[in-house]
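S.K.: The numbering used here puts the first residue of the sequence shown at -7, with every later residue one more than the last. Structure below; questions to follow.
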Amino acid sequence: MTDYIIVGAGLSGIAVSEELLKLGKTIKVFENHSQSSSTVAGGVFNPIILKRFTLAWQANEQMQLALPFYKGLENKLKTGLVHKLPIYRKFNSVEEQNNWFTAMDKPFISLFLDPDLVPSINPNIPSDNSFGRVKNTGTVNTKLLLEKYKEYLGNLDSFESADFEYDQLELQENGCAYKGIQARRVIFCDGFGLTKNPYFNYLPLRGNKGEYLIIKAKDLNLEVAVKSSVFILPLGNHLYKVGATYDNVDKTETPTPEAKDKLLSQLSKIITCEFEVIDQVAGIRPATSDRKPLVGQHPKHRQLYCCNGFGSRGVLIAPTVAKQLVGFIEKDTALPIDIDIRRFDKKY
Ligand SMILES: Cc1cc2nc3c(=O)[nH]c(=O)nc-3n(C[C@H](O)[C@H](O)[C@H](O)COP(=O)(O)OP(=O)(O)OC[C@H]3O[C@@H](n4cnc5c(N)ncnc54)[C@H](O)[C@@H]3O)c2cc1C
């Protein structure tokens, strides 16, 4: 008997697996590589919404759990994953600069916004206005994390590189059976794949497509992240991620020429040096109608759970909500009402 089947090995599936393994539970994780949100993500952890200089939902609390969580995984997987990287916000106007200082009076924001503005950060990124530095930010190499974590699960005999066929799941009185595996519970961490999940597709997961370009710019020599109309994230070896786009209509994972043109047009207004496009990637963010995660127990089938809806902030959100879900199942602690899927019960 396996304690848990987990469907999906993105940021959600990994965080849930970690919480369960810490409690000594046995797990079997299925991954069919149908979704790539966690693989293509910029991996940025940044608690500040850089449009309005406000704190993202519960970001301060999430930061406190997320960093030790990923640092712990670095030790466990014996690989570097976290890269501290300040973000420089390019101001479009003096008014935006003033908003930066106004924002610093709000709780917790001053922990992250540097009061000393910088007139210039790089000769190839000219600006009429100055730049504000966001502190305590960085990136997690999500692609490497997923690769290494799946390897680790494989060594525990807890990983199946296979499609979880929802119609093969047999619900029983005190658990379930799936292709010869007896399990007490199933946790669905299937990202935008949830739209094909007959148990949870009643939830309002909208999805939002994001695309990034990978460029090579030999003369840029930028070692910090820059946020203007797009993010520019240094990857090393003169490579940079540029993006991402937001598209609520197209729900395919195929990179598009439209996104490429848009990003190139935005980028050419930010940097003045030459560059070449090396690659383009796309994924669907599991975005929700109320911008809050979708976490909890199925209203009818009590052995089924979901951990989803991280939108554009999976890196910060995943460790916190996975801990809350596992605490709810195993220790009977209450789920915060704003993430609990019971808020949509009436629509079931
Ligand atoms: C372009 C882009 C940039 C982003 N940048 C950032 C960023 O900088 N910082 C940040 O915090 N967030 C970022 N995000 C958002 C972040 O990627 C998501 O919040 C996060 O990855 C969601 O994780 P998840 O595990 O819920 O979903 P997913 O990553 O989609 O994982 C779900 C997994 O389930 C698998 N699966 C689905 N159905 C099945 C099935 N039937 N059987 C087996 N396996 C199945 C899928 O293959 C997938 O691996 C970005 C997203 C995109 C698209």
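The beta-carbon is built from N, C-alpha and C at its ideal position, and this holds for glycine as well. It should be emphasised that the depicted structure is a prediction, and the values quoted were computed from it without experimental measurement.
Can you tell which of VAL222, ILE270, PRO278, ASP149 has its C-alpha closest to the C-alpha of LYS254?
M.R.: VAL222
S.K.: Beta-carbon within less than 8 angstroms of ILE262's beta-carbon, same chain only, minus the 5 sequence neighbours each way: which residues are those?
M.R.: LYS82, ILE117, VAL218, SER220, SER221, VAL222, ILE224
S.K.: If you compare alpha carbons, which of LYS201, LEU137, ILE276 is closest to LEU3?
M.R.: LEU137
S.K.: Count the other CB atoms within 10 Å of the CB of ASP149; is the residue buried (16 or more) or exposed (fewer)?
M.R.: Classification of ASP149: exposed, given that the 10 Å Cβ count is below 16.
S.K.: For ligand 1, is there a heavy atom less than 8 angstroms away from the beta-carbon of ASN193?
M.R.: no
S.K.: According to DSSP, simplified to helix, strand and coil, what is ILE173?
M.R.: strand
S.K.: Quick test of your reading: ILE206 and ASP271, contact by CB under 8 angstroms. State the CB separation rounded to the nearest angstrom.
M.R.: Contact between ILE206 and ASP271 holds, with the beta-carbon distance rounding to 4 angstroms and staying under 8 angstroms.
S.K.: Kindly provide the ranges of any alpha helix (DSSP H) runs that are 4 or more residues long and lie completely inside the region 100 to 173, ordered along the chain.
M.R.: 134 to 147
S.K.: Any heavy atom of ligand 1 closer than 8 angstroms to the CB of GLY288?
M.R.: no
S.K.: Quick one: does the C-beta of ASN240 sit closer than 8 angstroms to a heavy atom of ligand 1?
M.R.: no
S.K.: Helix, strand or coil, according to DSSP, for ASN200 in the structure here?
M.R.: The three-state reading of DSSP puts ASN200 in strand, counting E and B together.
S.K.: Taking the CB atoms as reference points, tell me whether CYS181 and VAL(-1) lie closer together than 9 angstroms.
M.R.: yes
S.K.: Give the straight-line distance between the Cα atoms of TYR340 and LEU12, rounded to the nearest whole angstrom.
M.R.: Residue confidence is low: TYR340 scores 47 on pLDDT, short of 50, so the model does not pin down where it sits. No coordinate-derived value is stated.
S.K.: Taking the C-alpha atoms as reference points, what is the distance between TYR194 and ILE333?
M.R.: So the two alpha carbons sit approximately 10 angstroms from each other.
S.K.: Check the C-beta distance from ALA51 over to PRO39 and give it rounded, since I have them as a contact under 8 angstroms.
M.R.: 3 angstroms
S.K.: List the whole-angstrom C-beta distance separating VAL126 from PHE104, where the pair is believed to meet the contact cut-off of C-beta under 8 angstroms.
M.R.: 6 angstroms
S.K.: Can you have a look at ARG294 and say buried or exposed, based on whether 16 or more other CB atoms are within 10 angstroms of its CB?
M.R.: exposed
S.K.: Report the CB separation of PRO278 from LEU197 in whole angstroms; it is logged as a contact under 8 angstroms.
M.R.: 6 angstroms
S.K.: Closer than 8 angstroms: is that where the CB of VAL178 sits relative to any heavy atom of ligand 2?
M.R.: Ligand 2 is not part of this structure, which contains only ligand 1.
S.K.: Rounded to whole angstroms, what's the CA-CA distance from LYS188 to VAL8? Just pull it up for me.
M.R.: 21 angstroms
S.K.: DSSP three-state label for TYR62, please.
M.R.: TYR62 sits in a helix when the DSSP states are folded into three classes.
S.K.: Have a look at ALA350 and TYR204 and give me their C-alpha separation to the nearest angstrom.
M.R.: Limits of the chain in this structure are -7 at one end and 340 at the other, which puts residue 350 out of reach.
S.K.: Between the alpha carbons of HIS75 and PHE45, how many angstroms are there, rounded?
M.R.: When rounded, the distance between both Cα atoms is 23 angstroms.
S.K.: Out of LEU109, ALA274, GLY183, GLY306, state which residue places its alpha-carbon closest to the alpha-carbon of ASN24.
M.R.: The shortest Cα separation from ASN24 among LEU109, ALA274, GLY183, GLY306 belongs to GLY183.
S.K.: Contact between the region 209 to 217 and the region 227 to 235: three or more CB pairs below 8 angstroms?
M.R.: yes
S.K.: Any heavy atom of ligand 1 closer than 8 angstroms to the CB of LEU277?
M.R.: Before going further, note that residue 277 is Arg rather than Leu in the sequence given. Yes; taking the cut-off as 8 angstroms, the Cβ of ARG277 has a heavy atom of ligand 1 nearer than that.
S.K.: If you count every other CB in all the chains shown that lies within 10 Å of the CB of ALA326, and 16 or more means buried, which is it?
M.R.: exposed
S.K.: On the CB-based measure, 16 or more other CB atoms within 10 Å of its CB, does ALA154 come out buried or exposed?
M.R.: exposed
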